[in-house]
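See below for the structure under consideration.
In my numbering, the protein residues as written are 1464 to 1779.
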């Protein structure tokens, strides 16, 4: 009876708290990592905030494409905020203790923002498809009401699904080791700690990944297939170059984000090493959101011009 009680208490304790190992395997550079990730977070916040600001105040950027871009920038801020502040605190305190509720909350927000990003990237591809393949109907098809509805759907559609998946995962018993070899509560490392059969949960992960990663990716590929076909039919070389330039930034972001997210969530769990999983997560949750503002600004003449105008106003 006493042994059973001890086991029960041990199980209960394990269920109430996890330990995020983060980058504890390289203790000598914890402060360097803290500085790097702090700079990255501030860069993501400031660059995306600047994009949001100029798309609101510059009349030349009052178009559906930049409306979607400003929402994407705000989403990127939310996305990195779901992981980096917690990671900075762990690096600062040298402790990775996280309660079950906090872990579930973090996972839910990361999944919701990640799913919204997939859907919003699809909406942005559709916007470019209409603009290039049906330019005469573009103002009618992509009116403000439609744009707001598409953005709202991107933000809201994944909420019940991701909340349900998080609830399903954290309804499992966690009676073994409570150390998560990761820098945030991601699905693969958390599922590895669950006791009993996780087959249903793994199938659910695949289904959701197909819904929010593969299906949007296929739609984007189809959209860009038609876009490229239409561009190649243009007689003017200058027109083709301009059309390609408006799409290239979005295409780069899509390849980077979907490439790492697909490997993470569609690769069979036994085949994914913890180190590789952590590295891939680092790419799609932190490094790619850091690159996105640079990709969109440096390759976009309209935004560069808006930034120059903004800098001129501040310098007066």
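Here a beta-carbon is modelled for each residue, glycine too, at the ideal position from N, C-alpha and C.
7 Å CB neighbourhood of residue i in its chain, flanking five on each side removed
i: residue 1763; result: 1712
i: residue 1693; result: 1595 and 1596
i: residue 1769; result: 1517, 1521, 1523 and 1524
i: residue 1733; result: Residue placement at residue 1733 is poorly supported in this model, since its pLDDT is 46, which falls under 50; the coordinates still yield a value, given next. The answer is none, since no qualifying residue turns up.
i: residue 1640; result: 1656
Burial state of residue i, where buried means 16 or more other Cβ atoms lie within 10 Å
i: residue 1748; result: buried
i: residue 1535; result: buried
i: residue 1562; result: exposed
i: residue 1741; result: buried
i: residue 1658; result: exposed
i: residue 1605; result: buried
i: residue 1494; result: exposed
i: residue 1671; result: buried
i: residue 1776; result: exposed
i: residue 1522; result: exposed
i: residue 1592; result: buried
i: residue 1631; result: exposed
i: residue 1688; result: exposed
i: residue 1479; result: exposed
i: residue 1666; result: exposed
i: residue 1684; result: exposed
i: residue 1491; result: exposed
i: residue 1554; result: buried
i: residue 1660; result: exposed
i: residue 1663; result: exposed
The ligand FAD heavy atom lying under 8 Å from the CB of residue i
i: residue 1504; result: Absence of the ligand FAD from the depicted structure is noted, as is the absence of any ligand whatsoever, leaving it without description.
9 Å Cβ cutoff met for residue i and residue j
i: residue 1582; j: residue 1620; result: yes
i: residue 1585; j: residue 1484; result: no
i: residue 1766; j: residue 1517; result: yes
i: residue 1643; j: residue 1537; result: no
i: residue 1530; j: residue 1614; result: yes
i: residue 1676; j: residue 1725; result: yes
i: residue 1617; j: residue 1559; result: no
i: residue 1545; j: residue 1569; result: yes
Contacting residues, own chain, Cβ-Cβ under 8 Å from residue i (five flanking each side not counted)
i: residue 1551; result: 1497, 1500, 1501 and 1504
i: residue 1751; result: 1716, 1719, 1720 and 1723
i: residue 1575; result: 1621, 1622, 1625 and 1626
i: residue 1600; result: 1593
i: residue 1514; result: 1532, 1533, 1536, 1756, 1759, 1760 and 1766
i: residue 1745; result: 1646
i: residue 1540; result: 1507, 1508, 1511 and 1512
Cβ-based neighbour list, residue i, same chain, cut-off 6 Å, excluding 5 preceding and 5 following
i: residue 1489; result: none
i: residue 1466; result: Model confidence at residue 1466 stands at a pLDDT of 36, short of 50, so the residue's coordinates are unreliable; what they give is reported in the following sentence. Here the set comprises nothing.
Residues bridged to residue i [DSSP beta-bridge criterion]
i: residue 1520; result: Residue 1520 pairs with nothing; no bridge assigned.
i: residue 1480; result: 1562
i: residue 1643; result: 1483
In chain order, each alpha helix (DSSP H) run of at least 4 residues that lies wholly inside the stretch 1558-1641 = 1563-1596, 1601-1604, 1607-1619 and 1621-1633
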